[in-house]
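Here is the structure we will look at.
In our numbering, the protein residues as written are 1321 to 2096.
Below is the structure:
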């Protein structure tokens, strides 16, 4: 079979469970089937014994059975492993044979089609056939055998040269890579989600945008020119959607919740159709026959034959394995006693698919009027289109809108009148003139290929505008980036009306000079809006005005003057200020915590004006860990500091032309460490003493820092101390001096350290520590 072209939207449309209008039977939603036991009250499907467990005792215990042509294949379990035997279906006088295609049949029988068998023998699969004298060969462990036994599919050298899905003739030959539907996307169909072949059509899952059932030509690897369906309703997980089987026109898809449905109708008659009966897909897999699906019910546990297009299923009883014949009309099974049975007629539980679309839904219609340039002062012109979309009657595809069956009409209410005139035909897609001030209402109709008429609908109304000679100018910014080239002036008709023609005038002059006379540009064009561009040197102003004309040639007023300054330079930093060390006298207590409010201030040089500033904060002089910059129009910023804390800021400016300056350097402010953060002798919030012996001064917790900045009292009565951060010795502070005084000491290891800060006095006199900071 060769599928004809269909639209991507039709393939991807979600299936609805509704009435099968052609046959008049109900298709029950899968969700209802799982919860409504009423539809699972089914009649038995007649079966007969092909081979009883006793008949097979000498061969082994039956575990699987398959039908191919007029032959039944039975897989048995023996002490030596799995074996496969066959004989004619209707001649039990023929002895069971264990060879096929000159090969002894061992392993698990996966599929039988016509004269070909596919067996699982462990790490590989074996394909055996009887045509042309018979033969066999090994295939990868994910190989599948197609219905009709023309092709197999498996993972080989894919389209991109890496492993990917390929097809091959049953008897061998070149491997044909399956091509992606969208090669530029780089994604291949997913073979782990199941492949199935019906004749020369390969079905699988393509993961472009979302997983969807798709079809390819098994002979060439080319995708059919449309994306397949999605019975799982766009699953989030690729494993939700899997192709189980293919037969005739359809593929059989399943989802993790047991939903089973038809997809990919190559005749383009049906959308995805959900079965009323959820079926198990973990240990057994549902199979698709001629209008019937056979699978194990997830709610009952027995084997069911369910019509594909709606109707009550029939039960085949408890079964451990099953297989449909090549024609999809009979089913062989191994029942729970080990007998091999056959159901020879599934017709009462089969559906006959329609060969033509059944469509009872009319198209939906929208109209789109587009205004054109007026031809006369008294009329306006419109070009109007009809957009029709056909509506499907589920589970069928839409029949499509007939190409020549769309109509357009309009009714008109003249200015000052209260009633509309009668509708009149309007040519679609052609300019039509209407009186200025009139209200025009367009509506369309369409007929689909099934003859369904939408009727007149989609009405859209417009008041035909007059032509104006009054213009409105778009405001210009105070400054414009001179590096962007010409500066453009935009204007439009007042109230968004059309104007027939326009003039522009402009003048350019350096900053500080008297504006010159205007330069007039006549005939800049008409329309609903226009623009004009002028070359403006850096450091100069440009000003524009425009005036319009109506269709009678009457000029309107000049628009108000719009000016902007052409600026090519970036702002430059002029000054930064932020107190490096917050003095004890500048601190206060807030809710029991010592706090300070140092102010970060800045100023920039700029040619014309500053729009605002970006300010960024961090805890140290680095971009690592910095907060997101924030916007402000102020030239200062304050953020409270708490004891032993540090803030660092930097700033950049944006001028009115949009130029951003470079970032300034970081400026940091640090607050001293108070007695609340220290263990030792203190004489105030920031006054401490370090005594020899047991008088060490230690912070209560560890800090990160690059230096210690400390002030000590000096004089003849003071000694010296060692300073540590963590286990690292930073240096010695000597406070001994001949005369009384004080001094600042900077101790830095040259790198960032972490740990508690510790002051240890040397033997002799104490050290008077007035204040100290931890710089980061």
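Ideal Cβ placement from N, Cα and C applies to all residues, glycine included.
Exercise for the section: Grab me the residues of residue 1914's own chain with a C-beta within less than 6 Å of its C-beta, minus the 5 sequence neighbours each way, in chain order. Expected result: 1907, 1963 and 1994
Exercise for the section: Could you tell me the distance, in whole angstroms, from the CA atom of residue 2078 to the CA atom of residue 2056? Expected result: 20 Å
Practice task
Would you mind stating whether residue 1612 and residue 1666 have Cβ atoms separated by less than 8 Å?
Solution key: yes
Practice task
Measure the C-alpha to C-alpha separation of residue 1800 and residue 1816 and round it to an integer number of angstroms.
Solution key: 26 Å
Problem - Coarse secondary structure for residue 1667, derived from DSSP in three states - result: helix
Problem - Span of the beta strand (DSSP E), counted from its first residue to its last, around residue 1759 - result: 1759 to 1768
Handout entry: As assigned by DSSP and simplified to three states, the class of residue 1995
Key = helix
Handout entry: Whether residue 1467 touches residue 1567 by CB criterion (8 Å)
Key = Yes, the Cβ-Cβ distance between residue 1467 and residue 1567 is below 8 Å.
Practice task
Give the single residue among 1489, 1408 and 1384 whose Cα lies nearest to the Cα of residue 1448.
Solution key: 1489
Practice task
Could you check if residue 2025 is buried or exposed, using at least 16 other CB atoms within 10 Å of its CB as the buried criterion?
Solution key: buried
Handout entry: Nonlocal neighbours in the same chain, by C-beta distance under 6 Å from residue 1626, ignoring five residues either side
Key = 1595, 1597, 1613 and 1633
Practice task
Measure the C-alpha to C-alpha separation of residue 2062 and residue 1832 and round it to an integer number of angstroms.
Solution key: 57 Å
Handout entry: Contacting residues, own chain, Cβ-Cβ under 6 Å from residue 1574 (five flanking each side not counted)
Key = 1562, 1564, 1580 and 1601
Exercise for the section: Starting from the C-beta of residue 1991, find all residues in its chain whose C-beta is less than 6 Å away, skip the five residues before and the five after it, and write them out in chain order. Expected result: 1902, 1916, 1961, 1963 and 1965
Handout entry: Limits of the beta strand (DSSP E) - the one that residue 1755 falls within
Key = Going by DSSP, residue 1755 is part of the beta strand (DSSP E) stretching over 1751 to 1755.
Practice task
Output yes or no for whether 8 Å exceeds the beta carbon distance between residue 1788 and residue 1771.
Solution key: no
Practice task
With DSSP as the reference, please indicate the residues paired to residue 1948 in a beta bridge.
Solution key: Beta-bridge pairing links residue 1948 to no other residue.
Exercise for the section: Take residue 1794 and list the residues in its own chain whose beta-carbon comes closer than 8 Å to its own, dropping the five residues that flank it on each side. Expected result: 1809, 1810, 1811, 1812 and 1882
Exercise for the section: Would you mind working out which of 1828, 1834 and 1791 sits nearest residue 1818, comparing C-alpha positions? Expected result: The shortest Cα separation from residue 1818 among 1828, 1834 and 1791 belongs to 1791.
Problem - Beta-bridge partners of residue 1852, as assigned by DSSP - result: 1809
Exercise for the section: Would you please state the rounded distance, in angstroms, between the beta carbons of residue 2059 and residue 1980? I believe it to be under 8 Å. Expected result: The C-beta distance from residue 2059 to residue 1980 rounds to 54 Å, too long to meet the 8 Å contact threshold.
Handout entry: Contact the stretch 1737 to 1755 vs the stretch 1716 to 1723: 3+ CB pairs below 8 Å
Key = no
Practice task
Measure the CB-CB distance between residue 1927 and residue 1887 and report whether it falls below 8 Å.
Solution key: yes
Practice task
Assign residue 2074 to one of two classes, buried (16 or more other C-beta atoms within 10 Å of its C-beta) or exposed (fewer than that).
Solution key: exposed
Problem - Sub-8 Å separation of residue 1900 and residue 1968 beta-carbons - result: No, they are not a contact pair.
Exercise for the section: Take residue 1918 and list the residues in its own chain whose beta-carbon comes closer than 8 Å to its own, dropping the five residues that flank it on each side. Expected result: 1898, 1899, 1902, 1906, 1958, 1961, 1967 and 1989
Practice task
Round the Cβ separation of residue 2018 and residue 2076 to the nearest angstrom and send it over; I've been treating them as touching at under 8 Å.
Solution key: 6 Å
Practice task
Spell out the partners DSSP gives residue 1733 in its beta bridges.
Solution key: 1759
Problem - Separation of residue 1697 from residue 1686, as counted between CA atoms - result: 30 Å
Exercise for the section: On a CA-only basis, which of 1389, 1364, 2066 and 1396 is nearest residue 1371? Give me that one, please. Expected result: 1396
Problem - Neighbourhood of residue 1556 by C-beta, 8 Å cutoff - its chain only, sequence neighbours within 5 removed - result: Below a pLDDT of 50, predicted positions are generally treated as unreliable, and residue 1556, at 49, falls in that range; the measurement from the model is reported next regardless. If we look at residue 1556 and ignore the five residues flanking it on each side, it has no Cβ neighbours.
Exercise for the section: Give me the Cβ distance between residue 1884 and residue 1751, rounded to the nearest whole Å; I'm assuming they're in contact under 8 Å. Expected result: The Cβ separation is near 39 Å, so there is no contact.
Handout entry: As assigned by DSSP and simplified to three states, the class of residue 1385
Key = Note: residue 1385 maps to strand in three-state DSSP.
Exercise for the section: Answer yes or no: do residue 1425 and residue 1439 have a C-beta to C-beta separation smaller than 8 Å? Expected result: yes
Problem - Run of the beta strand (DSSP E) containing residue 1860, from where it starts to where it stops - result: Its beta strand (DSSP E) spans residues 1860 to 1869.
Handout entry: Outcome for residue 1669 when other beta-carbon atoms lying within 10 angstroms are tallied against a minimum of 16
Key = buried
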